[in-house]
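*Asks:*
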Amino acid sequence: MAPAALPQRLLVALAAIGAFTQWRLSVLRHSIRIGKPVGPLWLPLLVTKVLRLWSWLMGVTVKSESGAELVDQSRRYMITWHPHGFIVYCPIFLLAEKSIVGDPIGKPWHCTGAPVLFNVPIMGDTLQVLNGRPVDKKSLESIMGQGGTVAVQPGGMAEQKVTTHEQEQAMFPANLGFIRMAIKYGTPLLIVYIFGENQLFRRVSGFERLTEMFFKLSGMALPLFVGKAGLPVSGLTPRATDVHVRWGAPVEVGEPDANPSDDKVEEVFQRYLSELCRVFYANAQECLPPDVAARGLKIIRLDRKPVPEFAASDRPPVARSRL
5 MAPAALPQRL LVALAAIGAF TQWRLSVLRH SIRIGKPVGP LWLPLLVTKV
55 LRLWSWLMGV TVKSESGAEL VDQSRRYMIT WHPHGFIVYC PIFLLAEKSI
105 VGDPIGKPWH CTGAPVLFNV PIMGDTLQVL NGRPVDKKSL ESIMGQGGTV
155 AVQPGGMAEQ KVTTHEQEQA MFPANLGFIR MAIKYGTPLL IVYIFGENQL
205 FRRVSGFERL TEMFFKLSGM ALPLFVGKAG LPVSGLTPRA TDVHVRWGAP
255 VEVGEPDANP SDDKVEEVFQ RYLSELCRVF YANAQECLPP DVAARGLKII
305 RLDRKPVPEF AASDRPPVAR SRL
């Protein structure tokens, strides 16, 4: 091969990669703008079957699901799921079909994730096909403004960085943007708790600085964890785990309000926390390892405001943190 040929071929390859990347992003932007899935229906359904089959081979299955009967399919919702987990395994590998066929709300919906993930080839393409969308304000406004439904994970990467198999926790951003957006569109909040998500992997302690360094370099949060057979940071090899899905009752937000007061946002959030705790403590003993269930649910507010205990005779006090 002539020396001059290599740089020329490299330039052609880079140009092809750049063109493909731009095409991928244009497809995503178009699907967000029109509020429609990417590709024919058979494609995402096929992908979900492959993902569920792989999970079954790993020993990970949905053993039970309940609470969906509380959903009124004539309405639309903002779905929120807990916990985040190490890599958001269950929403992708086990539950993605729900967003495609519209279960349980009666119409297709979009699960959202960190925008940086959609820039990664193969991963981003798979997420798009599975009705995934970036969790940025522009995308959410576009979908909800057209009457669509989104699913968000309130804690995001901040919660992902501190995920552990030993403690269930729910982290919330300082501005409570998901509450504000739900109020803006008058959309009830629908909680789903995925018991077992945190137990798919085991956290390796002592590498928190490495996690922070990786986050600063890549924009992605990835705590050090091990899966089946002790394989490190292998999201494709989870430990055998029974997963239990529990839906909550819709949390009403009132009439649409484009500029809700902080007091109104806080009032809705407190009712949200109450329903989250109800769902958790009504099912934790049945759906989690005994030692994890005994530690309760740790609620973390990044705005450092106090977290009430929601004292009740039929559930233990809430583990609290204000960081």
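Residue numbers (the numbering used here): 5 to 327.
Yeah, the Cβ is synthetic: ideal placement off N, Cα and C, and Gly gets one too.
Just so we're clear, the structure is a prediction, and the values are computed from it rather than from any experiment.
1. Is the CB-CB distance between D261 and I187 below 8 Å?
2. Comparing C-alpha positions only, which one of L194, D295, V237 sits nearest to R275?
3. Suppose you measure from the CA of V249 to the CA of L180; what does that come to, to the nearest Å?
4. How is M127 classed by DSSP in three states: helix, strand or coil?
5. Following the continuous alpha helix (DSSP H) through R282, name the residue where it begins and the one where it ends.
6. Taking 8 Å as the threshold, find out whether the segment 126-142 comes into contact with the segment 70-89 through three or more Cβ pairs.
7. Should W60 go down as buried or exposed, given a rule of 16 or more other Cβ atoms within 10 Å for buried?
8. Buried or exposed for R326, going by 16 or more other Cβ atoms inside 10 Å?
9. Rounded to a whole number of angstroms, what is the C-alpha to C-alpha distance between F284 and A297?
10. Let me make sure I understand the geometry here. Which of I91, M175, M82, S78 has the alpha-carbon closest to that of M148?
11. Who are W251's beta bridge partners in DSSP?
12. Taking C-beta to C-beta, are A280 and H86 nearer than 8 Å?
13. Answer yes if the segment 41-50 comes into contact with the segment 98-105, meaning at least three C-beta pairs across the two stretches below 8 Å, and no otherwise.
14. What is the DSSP secondary structure of M224, counted as helix, strand or coil?
15. With a Cβ-Cβ cutoff of 8 Å, do A174 and T116 count as a contact?
16. Quick one: using the 10 Å Cβ neighbour count with 16 as the cut-off for buried, is Q203 buried or exposed?
17. Taking DSSP as the reference, what is the three-state secondary structure of K309?
18. V66 and A244 - do their beta-carbons sit closer together than 8 Å?
19. Helix, strand or coil, according to DSSP, for A155 in the structure here?
20. Under a three-way DSSP split, which group does A118 fall into?
21. Below 8 Å CB to CB, which residues in the same chain sit around P254 once its five sequence neighbours on both sides are set aside?
22. If you draw a straight line from the alpha carbon of A315 to that of V196, how long is it in whole angstroms?
23. Out of curiosity, what's the CA-to-CA distance linking M217 and H169?
24. Is the CB-CB distance between V124 and V42 below 8 Å?
25. The beta strand (DSSP E) that contains F97, what's its start and end?
26. The alpha helix (DSSP H) with K142 in it runs from where to where?
27. According to the Cβ coordinates, are P158 and T215 closer than 8 Å?
28. Going by beta carbon distance, what residues of the same chain come within less than 6 Å of K309, once the five residues before and after it are set aside?
29. Note down, in chain order, each residue of its chain lying with its Cβ closer than 8 Å to the Cβ of H114, except the 5 sequence neighbours on either side.
30. Report the rounded CA-to-CA distance for Y189 versus N263, giving the unit in angstroms.
31. Taking Cβ to Cβ, would you say G231 is nearer than 8 Å to F205?
*Replies:* Looking at the coordinates:
1. yes
2. L194
3. 24 Å
4. Of the three classes helix, strand and coil, the one that applies to M127 here is helix, per DSSP.
5. Per DSSP, R282 belongs to the alpha helix (DSSP H) from 266-291.
6. Three or more beta-carbon pairs separated by less than 8 Å are not found between the segment 126-142 and the segment 70-89, which leaves the two stretches without contact.
7. exposed
8. Its pLDDT being 49, under 50, R326 is placed unreliably by the model, and the measurement read from it follows with that caveat. Exposed, because fewer than 16 other Cβ atoms sit within 10 Å of the Cβ of R326.
9. 9 Å
10. M82
11. V196
12. It is Leu, not Ala, that sits at residue 280 in the sequence shown. Yes, Cβ-Cβ distance for L280 and H86 is below 8 Å.
13. yes
14. coil
15. no
16. buried
17. coil
18. Not closer than 8 Å, so no.
19. strand
20. coil
21. So the list reads L74, V75, D76, R79, Y81, P192, L193, L194, once near-sequence residues are dropped.
22. Unreliable placement is indicated for A315, whose pLDDT of 41 sits below 50; the coordinate value is still reported in the next sentence. Going from the Cα of A315 to the Cα of V196 covers about 22 Å.
23. 22 Å
24. no
25. First-last for F97: 93-97, but that is the alpha helix (DSSP H), not the beta strand (DSSP E).
26. Start and end: 141-149.
27. No. Outside cutoff.
28. none
29. S103, N135, G136, R137, I147, G152, T153, V154, A155
30. 11 Å
31. yes
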